[in-house]
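Chemist:
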Amino acid sequence: MSAAAELFLTHVLDLLQKNSLERNKVDWPEVRRQAFADAAGAKTTADTYEAIDTAVKALNNRHTYFLRPDQAAALDPPVEVPGTEGPPPVPRGHLIGQKIGYVSLPTTDKIPGYARAGAEVVRTVDASGPCGWIVDLRGDSGGAMWPMLDALAPLLGDGRLGAFVDADGEQSAWELKKGQLSVGGEVISKDVPPSIETGEPGIDDYVTHNAYVLKRPRPPVAVLTGPETASAGEATLIAFRGRPEARSFGLPTAGLATGNTTYPFHDGSLLVLTETADVDRTGRRYGNTPIAPDVRVDFTDQDVAGGPGDPVVDAARKWLESRPACRA
45 MSAAAELFLT HVLDLLQKNS LERNKVDWPE VRRQAFADAA GAKTTADTYE AIDTAVKALN
105 NRHTYFLRPD QAAALDPPVE VPGTEGPPPV PRGHLIGQKI GYVSLPTTDK IPGYARAGAE
165 VVRTVDASGP CGWIVDLRGD SGGAMWPMLD ALAPLLGDGR LGAFVDADGE QSAWELKKGQ
225 LSVGGEVISK DVPPSIETGE PGIDDYVTHN AYVLKRPRPP VAVLTGPETA SAGEATLIAF
285 RGRPEARSFG LPTAGLATGN TTYPFHDGSL LVLTETADVD RTGRRYGNTP IAPDVRVDFT
345 DQDVAGGPGD PVVDAARKWL ESRPACRA
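For what it's worth, our numbering labels the leading residue of the sequence shown as 45, then goes sequentially.
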C-alpha cells in the first residue's frame, strides 16, 4: 500500500472510530484489520474506497454514507441556465378559513435566505391573528434544521426544544431565547463561517434571530408529517414534541432523526457521518426508526395541497378549532 493510500484510509477510519454514533458497538480492531487487508495493494486513495465502504457498513447506520468524487459532485447544485429553472422552494403560507394559520416548509435546497423567507411568511399570516397553526412538514426531506427552526421560532416559544445525544450519552441542547437559537450553549450565527475542521464553506443569511412575537402567543400547533419528512425535517417535528398544545397528524416519517457531519476530502470524495441522535424536550430519544404521528391520517401525493380537500389538513383544522384558544 502506498503512503498516500495508507494515510487516507487511516484518516477515514479514525473519523469513523472517533465520531460515529455507533462507535461503541463496533469491533474496531477487526474493522481496521479487514479494511487494511482489503486495501493491501492500494496505490491511490481511490483504491481504498471499497475498504471504506465495508467499514461504513459495519456501523449499520443508513444515514451514514461514503461518496465517490462523482457522487459528491452530483450533490452540488447544477449551474442554472437563466430562464430554464424556477427559484428554489421556500416556505409558504396562508390563512385557512378565518382563524387557522398554515405554513409549509420544504427541503432547504438553497439555504441562504430560507429562514428569512419563512419568518416573513409567519409574520404575514399572523397579521390576521390566527388562533391556531398548521406546520406542514410533509415535503421537508431535510437539509439544515436551524433555518427551519428560526422561521418557526414564534410558534416554538422560548426554552429547550430538544438535543443531540452522542454515543457516550452526552447531550447538546437545542435552545431558543428571544429569537436566538443555540446548540450546546453556542448561539447559531446569522452567517456561518467556513469550517476549519470539515472544510465546509460558509453560509451567508443562514438564520435571522427571529424574535417576532405572535399576536396570539402560545397557540395550538398541528404538525403534519409523512414518509418524505426526513432528517432536518424530523428534527423540526421533534422540536414540537412535548410542547404544550402541539399534536402531529399524517403518516410516519422517514426515520432519519440523527445528526450528521460532512467531511469532504482532498480527492473529491465525501463522508457523511452520523454522530448524534435527536432527543425531544421530554428526553425521548429518536434515531433511524420512523416517527409515528399522534393521529394517523392516510394521504396521497395528490392530496398534499394545503387546503380544503387535503385530509390531513382537514383533520388538523378540526382539532385546532376544538382547542380552547380557538373557541374563545
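Just so it is clear, CB atoms sit at the ideal spot from N, CA and C, and this is done for glycine as well.
How far does the alpha helix (DSSP H) with E50 in it reach, from first residue to last?
Modeler: A47 to N63
Chemist: Please list, in chain order, all residues of the same chain as V70 whose beta carbon is under 7 Å from its beta carbon, the five residues on each side excluded.
Modeler: The residues are A102 and L103.
Chemist: Unbroken beta strand (DSSP E) runs of length 3 or more, entirely within the stretch 158-242: which are they?
Modeler: 176-180, 203-209, 215-221 and 224-227
Chemist: Indicate whether the contact test is met: 3 or more Cβ pairs, each with one atom in the stretch 359-372 and one in the stretch 139-152, closer than 8 Å.
Modeler: yes
Chemist: Measure how close the beta-carbons of D153 and P135 come, nearest whole angstrom, since I'm counting them as under 8 Å.
Modeler: Actually they are not in contact, since the Cβ atoms of D153 and P135 sit about 12 Å apart, beyond 8 Å.
Chemist: Between the alpha carbons of I232 and G85, how many angstroms are there, rounded?
Modeler: 45 Å
Chemist: Rounded to whole angstroms, what's the CA-CA distance from D180 to P150? Just pull it up for me.
Modeler: A direct Cα-Cα distance of roughly 9 Å separates D180 from P150.
Chemist: Could you round the C-beta distance between F284 and V257 to whole angstroms and report it? I think they count as a contact, below 8 Å.
Modeler: That pair is no contact at about 18 Å.
Chemist: Candidates A290, R260, P263 and G299: which alpha carbon is nearest I272's?
Modeler: It should be noted that the sequence gives Glu, not Ile, for residue 272. Nearest of A290, R260, P263 and G299 to E272, Cα basis: G299.
Chemist: Under the three-state reduction of DSSP, which class applies to L364: helix, strand or coil?
Modeler: helix
Chemist: Buried or exposed, going by whether 16 or more other CB atoms sit within 10 Å of the CB of I240?
Modeler: exposed
Chemist: For the alpha helix (DSSP H) containing P264, name the first residue and the last one.
Modeler: According to the DSSP assignment, P264 belongs to no alpha helix (DSSP H), since it is labelled neither H nor E.
Chemist: Quick one: residues in its chain with C-beta nearer than 6 Å to the C-beta of D170, no 5 flanking neighbours on either side, listed in chain order?
Modeler: L258 and K259
Chemist: Please report how far the alpha carbon of T88 lies from the alpha carbon of A48, in whole angstroms.
Modeler: 7 Å
Chemist: Just verifying my parser: in three-state terms, what is the DSSP assignment at P355?
Modeler: helix
Chemist: Leaving out five residues before and five after L57 in sequence, what residues of the same chain have Cβ atoms less than 7 Å from its Cβ?
Modeler: R76, A79 and A99
Chemist: Looking only at its chain, what residues have a beta carbon closer than 6 Å to the beta carbon of G286, apart from the 5 residues adjacent to it on each side?
Modeler: D324, R325 and T326
Chemist: Let me confirm a value: H107 is counted as buried when at least 16 other C-beta atoms fall within 10 Å, else exposed. Which label applies?
Modeler: buried
Chemist: Using CA coordinates, which residue listed in V339, R328, V165 and D212 is at the minimum distance from E66?
Modeler: D212
Chemist: Exposed or buried, what is S172 when buried is set at 16 or more other beta-carbons lying within 10 Å of its beta-carbon?
Modeler: exposed
Chemist: Just the C-alpha distance for P337 and S46, rounded to the nearest angstrom, thanks.
Modeler: 52 Å
Chemist: Give the single residue among T92, L53 and N105 whose Cα lies nearest to the Cα of E319.
Modeler: N105
Chemist: In angstroms, rounded to a whole number, what distance separates the CA positions of A279 and D322?
Modeler: 7 Å
Chemist: If we count the other Cβ atoms within 10 Å of its Cβ and call it buried at 16 or more, is A159 buried or exposed?
Modeler: buried
Chemist: Of all the options D91, I335 and P288, which has the alpha carbon lying nearest to the alpha carbon of R204?
Modeler: Selected option, being the one with the closest Cα: P288.
Chemist: Just to check my reading of the structure: P237 and G246 have Cβ atoms closer than 8 Å, yes? What is that Cβ distance to the nearest angstrom?
Modeler: 5 Å
Chemist: What's the C-alpha gap between G223 and A90?
Modeler: 45 Å
Chemist: Once DSSP output is grouped into helix, strand and coil, what is the label at L317?
Modeler: strand
Chemist: So what does I144 bridge to, in DSSP terms?
Modeler: I140 and G176
Chemist: For T306, report the span of its beta strand (DSSP E) as first-last.
Modeler: Per DSSP, the continuous beta strand (DSSP E) segment holding T306 begins and ends at T302 to P308.
Chemist: Apart from the five residues on each side of it in sequence, which residues of its chain come closer than 7 Å, Cβ to Cβ, to T302?
Modeler: L65, H107, T318, T320, A321, D322, G331 and N332
Chemist: Along the chain, where does the beta strand (DSSP E) that runs through Y109 open and close?
Modeler: Y109 to L111
Chemist: Quick one: what's G331 bridged to in DSSP?
Modeler: For G331, which the question treats as bridged, DSSP gives no partner whatsoever.
Chemist: So, helix, strand or coil for P126, using DSSP?
Modeler: Reliability fails at P126, whose pLDDT of 39 lies under 50, so the model's placement of it is uncertain and the value that follows must be treated cautiously. Three-state result, P126: coil.
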